[in-house]
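In this note's numbering, the protein residues as written are 783 to 847.
Here a beta-carbon is modelled for each residue, glycine too, at the ideal position from N, C-alpha and C.
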């Protein structure tokens, strides 16, 4: 356990960032799976719509670091 105040703060900050990154990563994977499913099903319009959503999610995730 950390004794220094800044180290305690870093532990809290890292926990928040880890939770956020895990949620974002999971969402991006889900969107990508939906695109693959639509492509494999041969549904072109659905695949294009899902690709647009997935691209947006990926761009937002990369912008956050």
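Where residue i falls: helix, strand or coil (DSSP)
i           : result
residue 793 : helix
residue 825 : coil
residue 846 : coil
residue 786 : coil
Same chain, Cβ closer than 6 Å to residue i, neighbours up to 5 away in sequence not counted
i           : result
residue 813 : 835, 836, 839
Burial state of residue i, where buried means 16 or more other Cβ atoms lie within 10 Å
i           : result
residue 817 : buried
When the options are compared against residue i, the one with the closest alpha-carbon
i           : options       : result
residue 833 : 805, 796, 820 : 820
Cβ neighbours of residue i in the same chain (closer than 8 Å, five flanking residues each side left out)
i           : result
residue 828 : 820
Whole-angstrom distance between residue j and residue i, CA atom to CA atom
i           : j           : result
residue 842 : residue 804 : 14 Å
residue 822 : residue 793 : 43 Å
residue 795 : residue 846 : 15 Å
residue 844 : residue 801 : 16 Å
residue 826 : residue 811 : 20 Å
residue 806 : residue 815 : 14 Å
Close Cβ partners of residue i (< 7 Å) along its chain, the five nearest in sequence each way excluded
i           : result
residue 784 : 790, 793
residue 809 : 839
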